[in-house]
Amino acid sequence: MRSSLKSNRFLGALTVLLVLFILYVLLLKPASGHRYIVPEGYAGWVVVVFGQQGSPPLERQHGDCVYPIDSAGWLRTSSPMEPGSIKLYYRAADGSVKPAPAGAALIHGGGTHGGSRSEAGGEQVGLPAVVDFYVGTEEQYEQRTGESPRAEAWRRP
Numbered sequence: 073m074r075s076s077l078k079s080n081r082f083l084g085a086l087t088v089l090l091v092l093f094i095l096y097v098l099l100l101k102p103a104s105g106h107r108y109i110v111p112e113g114y115a116g117w118v119v120v121v122f123g124q125q126g127s128p129p130l131e132r133q134h135g136d137c138v139y140p141i142d143s144a145g146w147l148r149t150s151s152p153m154e155p156g157s158i159k160l161y162y163r164a165a166d167g168s169v170k171p172a173p174a175g176a177a178l179i180h181g182g183g184t185h186g187g188s189r190s191e192a193g194g195e196q197v198g199l200p201a202v203v204d205f206y207v208g209t210e211e212q213y214e215q216r217t218g219e220s221p222r223a224e225a226w227r228r229p
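For the sequence shown, the numbering used here begins at 73 and goes up steadily by one.
What follows is the structure, encoded as structure tokens:
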């Protein structure tokens, strides 16, 4: 009887752990990637500003965070920045979405930024987390290397 009770407790504990693991995988697992959707034919800087009150959270599709980038290359979201790989997609005028051509080197100069800066009186001002990268050919990127608009992300409302 005693071994039967131990066996039942073990199975019960194992069941609870399995249920918790399944819930984690289905509900809490971080995004596996980041699906940036830019307008078809877009070439230029993409800037995403995270943690912005009043902005919509990112949606998830198949475990990926989805970033609907506007025609100027910007997105503000209330979501926090998460790690993961970038996947580039294009949105056609009819609203359909397709992946960027496989093997094409279309993402350049990527970076993540944030933290704080010191104001004139020594006051520390927090800066939102920002991701920026260039979408286009390497030649286009080389022509616009020094133009990253990330500083504007900290000024722009």
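Glycine is no exception: its CB is placed at the ideal position from the N, C-alpha and C atoms. Given the structure is predicted, the values throughout are model-derived calculations rather than measurements.
Alpha carbon to alpha carbon, how far is residue i from residue j?
i: Pro229; j: Val119; result: Any reading at Pro229 is ruled out, since the residue's pLDDT is 48, under 50, leaving its predicted position unreliable.
i: Gly182; j: Arg132; result: 22 Å
i: Val169; j: Arg81; result: 51 Å
i: His106; j: Gln196; result: 31 Å
i: Ser104; j: His134; result: 9 Å
i: Thr217; j: Ser143; result: 20 Å
i: Tyr213; j: Tyr114; result: 13 Å
Out of the options, which one is the CA nearest neighbour of residue i?
i: Pro221; options: Gly187, Gly175 and Gly145; result: Gly145
i: Tyr161; options: Ser150, Cys137 and Thr149; result: Cys137
i: Ser151; options: Tyr213, Ala201, Gly208 and Gln212; result: Ala201
i: Val207; options: Phe122, Gln196, Glu219 and Leu199; result: Glu219
i: Gln124; options: Gly198, Gln212 and Glu210; result: Gly198
i: Glu112; options: Glu210, Pro173, Leu147 and Val121; result: Pro173
i: Phe122; options: Gly167, Arg148, Thr217 and Asp142; result: Arg148
i: Gly187; options: Pro140, Gly116 and Met153; result: Met153
i: Tyr139; options: Gly116, Tyr108 and Ala165; result: Tyr108
Hey, residue i and residue j are a contact pair by Cβ (cut 8 Å); roughly how many whole angstroms apart?
i: Val110; j: Arg163; result: 7 Å
i: Ala177; j: Glu210; result: 6 Å
- Ignoring anything shorter than 3 residues or poking outside the segment 153-214, list the beta strand (DSSP E) runs there in chain order. Listed in chain order, they are 157-163, 169-171, 179-190 and 196-207.
- Message: Quick test of the definition: if touching needs 3 or more C-beta pairs under 8 Å, does the segment 156-165 touch the segment 192-201?
- Response: No: fewer than three Cβ pairs fall under 8 Å.
- At least three beta-carbon pairs within less than 8 Å, the segment 120-129 to the segment 173-182: Result no; under three Cβ-Cβ pairs closer than 8 Å.
- Task: Report the residue ranges of all beta strand (DSSP E) runs contained in full by the segment 103-155; include only those spanning at least 3 residues, in chain order.
- Result: As far as the segment 103-155 is concerned, its whole beta strand (DSSP E) runs of at least 3 residues are 105-111, 116-121, 131-133, 136-140 and 146-148.
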